[in-house]
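If you read the protein sequences in the order shown, they are chains A and B. Just so we're aligned: 103 in our numbering is position 103 of the first sequence, and the numbers increase by one with no gaps anywhere. Throughout, our numbering is defined as the position within the second sequence, counted from one, plus 157. Note that the Cβ used here is the ideal one computed from N, Cα and C, for glycine as well. First up is the structure itself, then whatever we jot down about it.
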Amino acid sequence: MARKHVQTTINGDECDFLCESNETLLSVIRNQLRLTGTKEGCSTGDCGACSVMLDSRLVCSCLTLAVEAEGKVIETIEGMSEDGNLHILQRKFIEHAALQCGICTPGFLIAAKALLERNPNPTETEVRYWLAGNLCRCTGYHKIVEAVMDAAAEMRG
Amino acid sequence: MDFHSPSTIDELSSLLSNNSEKKHLLAGGTDLLVQMQSQIIEPTSVIDLKNISEMMEIKEDTDGFFVGAAVPGMTIIEHQGFSKTWPGVVDGVKLIGSIQIKGRASMGGNLCNASPAADSIPAMIASDAKAIILGSKGKRDVLVEDFILGPGKNILKSDEVLVGIKFPEKKNNSSGAYLRFTPRTEMDIAVAGVGVNVSISKNSQIEHAKVSIGAVAEKALVAEAAAKALIGKKADAGTIEKFMSEVRDLARPIDDKRGTVEFRKQVIGVLAKRALNIALERINNG
């Protein structure tokens with residue numbers, strides 16, 4: 001079976017790739033495009049480590065076929081900082097020590113950014129519910145929630 | 158594996174009428190890809206429905222809302238008109254997985270996947286929603302309660318596809334609610350679930366009621382006797398007691414790791430009472 005040619009935009013850049021039709025978007029992002037910030041955790045949509053934005057929707061890239069990305073706009077953790085400056089969320093995660101092993105961190109950052117774009121002033125409960133699809137097996141949730149609340153406050157100015 | 162991405166219903170129909178290969182339909186993929194990755198299924202052909210505009214639209218006509226089969230949950234939740242008209246259905250959709258899952262997972266997929274514990278199904282049934290089915294012989298529609306045959310089984314034939322879900326015109330002074338029980342508050346599967354839809358008259362008598370219970374049988378059931386216990390009555394203590402006992406009598410759950418028969422029968426009655434109260438509250442709050 002011939003590989004499929006897919007044209008997308010990733011982190012603002014046009015991007016072409018060839019993939020098998022049953023290959024996941026996660027596999028292409030990591031293994032072919034070498035954007036390894038997006039992590040593989042469970043591969044069943046339960047842990048959120050593979051979170052990316054697909055046409056402005058937060059999704060699990062492990063449950064998305066790479067061929068579905070045709071004509072779509074994808075954002076990964078590699079596109080989060082601008083001109084070498086960390087995004088406020090990234091800075092707050094460091095300040096609050098909101099990470100231990102770091103595997104879940106890119107997924108949490110992508111998910112938190114999606115939340116703050118929709119709701120700049122979330123309550124702690126709203127943050128916790130929104131991030132329920134991101135698992136941290138070091139169980140550092142408290143600091144993560146604090147970092148997101150603090151980032152939201154700073155972004156509101 | 159072949160991958161097809163038709164952009165019109167006609168293209169889709171011709172793909173479906175080709176019987177030479179085993180086809181799987183892809184909406185949000187949150188069930189399909191899990192099954193593919195664990196090799197429960199190994200499709201030779203996958204047909205993506207998301208490039209067909211009808212599959213992706215929420216449309217309001219004079220005879221009610223149509224929700225395309227592949228519309229992702231987050232789009233349904235964010236649709237203000239639909240949320241206002243069918244809050245009970247949106248209660249159910251909100252409970253389907255994480256934000257990431259709802260970014261892709263559709264109500265149509267939830268229905269076709271036919272899990273006994275599917276959260277959107279009891280709410281759809283309580284709303285008198287119909288499944289709009291397209292096949293090589295044309296369109297047909299069936300009530301959502303008649304769409305599912307059992308765990309993982311629906312009535313679609315190999316040349317048929319669910320195009321969307323049609324909701325009737327909303328009754329005056331009516332509203333709905335869906336509630337489920339899970340040990341955790343998020344990211345869990347219903348141990349029991351209840352969808353309720355009621356309308357009331359000016360003197361607060363219940364005029365219409367439809368109730369559906371999920372996760373307590375092989376598929377979501379219509380609780381006719383429970384609805385009958387409400388109709389023509391005010392929701393006083395005696396009426397609610399009778400309503401709860403009818404719901405419990407209908408439930409025929411199994412024992413499994415998520416709950417015992419005894420617990421499920423108990424909790425389904427409590428959930429029904431609470432869902433009814435939420436629906437009534439929503440009517441009173443306009």
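Taking the Cβ atom as the reference point for each residue, do residue i and residue j lie within a distance shorter than 8 Å?
i                     : j                     : result
residue 169 (chain B) : residue 204 (chain B) : yes
residue 423 (chain B) : residue 389 (chain B) : no
residue 135 (chain A) : residue 47 (chain A)  : yes
residue 348 (chain B) : residue 415 (chain B) : yes
residue 425 (chain B) : residue 370 (chain B) : yes
residue 392 (chain B) : residue 433 (chain B) : yes
residue 374 (chain B) : residue 404 (chain B) : no
residue 283 (chain B) : residue 368 (chain B) : yes
residue 431 (chain B) : residue 313 (chain B) : no
residue 128 (chain A) : residue 260 (chain B) : no
residue 311 (chain B) : residue 274 (chain B) : no
residue 23 (chain A)  : residue 52 (chain A)  : no
residue 226 (chain B) : residue 378 (chain B) : no
residue 12 (chain A)  : residue 106 (chain A) : no
residue 18 (chain A)  : residue 34 (chain A)  : no
residue 239 (chain B) : residue 215 (chain B) : yes
residue 191 (chain B) : residue 45 (chain A)  : yes
residue 235 (chain B) : residue 202 (chain B) : no
My guess is that residue i and residue j are in contact by the Cβ rule of under 8 Å, so how many angstroms apart are they, rounded?
i                     : j                     : result
residue 279 (chain B) : residue 249 (chain B) : 7 Å
residue 246 (chain B) : residue 277 (chain B) : 7 Å
residue 144 (chain A) : residue 114 (chain A) : Incorrect: roughly 15 Å between the Cβ atoms, too far for contact.
residue 322 (chain B) : residue 231 (chain B) : About 17 Å; that fails the 8 Å criterion.
residue 133 (chain A) : residue 196 (chain B) : Between residue 196 (chain B) and residue 133 (chain A) the Cβ distance is about 24 Å, and since that is not below 8 Å, they are no contact.
residue 100 (chain A) : residue 138 (chain A) : 4 Å
residue 344 (chain B) : residue 254 (chain B) : 7 Å
residue 21 (chain A)  : residue 67 (chain A)  : 5 Å
Would you give the residue range spanned by the beta strand (DSSP E) that residue i belongs to?
i                     : result
residue 7 (chain A)   : 4 to 10
residue 53 (chain A)  : 51 to 54
residue 16 (chain A)  : 13 to 19
residue 296 (chain B) : 295 to 300
residue 218 (chain B) : 215 to 218
residue 386 (chain B) : Run containing residue 386 (chain B): none in the beta strand (DSSP E); it sits in the alpha helix (DSSP H), 381 to 387.
residue 222 (chain B) : 221 to 225
residue 350 (chain B) : 349 to 357
residue 307 (chain B) : 305 to 307
residue 291 (chain B) : 287 to 292
residue 182 (chain B) : 180 to 183
residue 74 (chain A)  : 73 to 75
residue 57 (chain A)  : 57 to 60
Report buried or exposed for residue i, applying the criterion of at least 16 other Cβ atoms within 10 angstroms of its Cβ.
i                     : result
residue 31 (chain A)  : exposed
residue 200 (chain B) : buried
residue 10 (chain A)  : buried
residue 299 (chain B) : exposed
residue 354 (chain B) : buried
residue 340 (chain B) : exposed
residue 64 (chain A)  : buried
residue 7 (chain A)   : exposed
residue 442 (chain B) : exposed
residue 366 (chain B) : buried
residue 62 (chain A)  : buried
residue 421 (chain B) : buried
residue 94 (chain A)  : exposed
residue 14 (chain A)  : exposed
residue 267 (chain B) : buried
residue 188 (chain B) : buried
residue 161 (chain B) : buried
residue 125 (chain A) : exposed
residue 96 (chain A)  : buried
residue 242 (chain B) : buried
residue 116 (chain A) : buried
residue 295 (chain B) : exposed
residue 207 (chain B) : buried
Grab the span of the alpha helix (DSSP H) containing residue i for me, first residue to last.
i                     : result
residue 327 (chain B) : Per DSSP, residue 327 (chain B) belongs to no alpha helix (DSSP H) and is neither H nor E.
residue 370 (chain B) : No alpha helix (DSSP H) contains residue 370 (chain B), which is instead part of the beta strand (DSSP E) from 363 to 371.
residue 162 (chain B) : No alpha helix (DSSP H) holds residue 162 (chain B); DSSP gives it neither H nor E.
residue 162 (chain A) : Any question about residue 162 (chain A) goes unanswered here, given that chain A covers just 1 to 157.
residue 245 (chain B) : 244 to 251
residue 233 (chain B) : 230 to 235
residue 277 (chain B) : 277 to 283
residue 154 (chain B) : Lying before the first or after the last residue shown, residue 154 (chain B) is absent from chain B, which here runs from 158 to 443.
residue 269 (chain B) : 264 to 270
residue 427 (chain B) : 418 to 441
residue 103 (chain A) : No alpha helix (DSSP H) holds residue 103 (chain A); DSSP gives it neither H nor E.
When the Cβ atoms of the stretch 21 to 37 of chain A are set against those of the stretch 170 to 187 of chain B, are three or more pairs found closer than 8 Å?
These segments do not touch.
Is the stretch 89 to 97 of chain A touching the stretch 284 to 291 of chain B in the sense that three or more CB pairs, one from each, lie closer than 8 Å?
Because the criterion of three Cβ pairs below 8 Å is not met, the stretch 284 to 291 of chain B and the stretch 89 to 97 of chain A do not touch.
Three or more C-beta pairs closer than 8 Å, one from the stretch 402 to 411 of chain B and one from the stretch 332 to 341 of chain B: is that the case here?
The stretch 402 to 411 of chain B is not in contact with the stretch 332 to 341 of chain B.
Check whether the stretch 66 to 73 of chain A touches the stretch 108 to 121 of chain A, taking contact to mean three or more Cβ pairs, one atom from each stretch, closer than 8 Å.
No, the stretch 66 to 73 of chain A is not in contact with the stretch 108 to 121 of chain A.
Quick check: the stretch 303 to 317 of chain B against the stretch 210 to 226 of chain B, are at least 3 beta-carbon pairs closer than 8 Å?
Taking 8 Å as the limit for Cβ pairs, the verdict is that the stretch 303 to 317 of chain B does not touch the stretch 210 to 226 of chain B.
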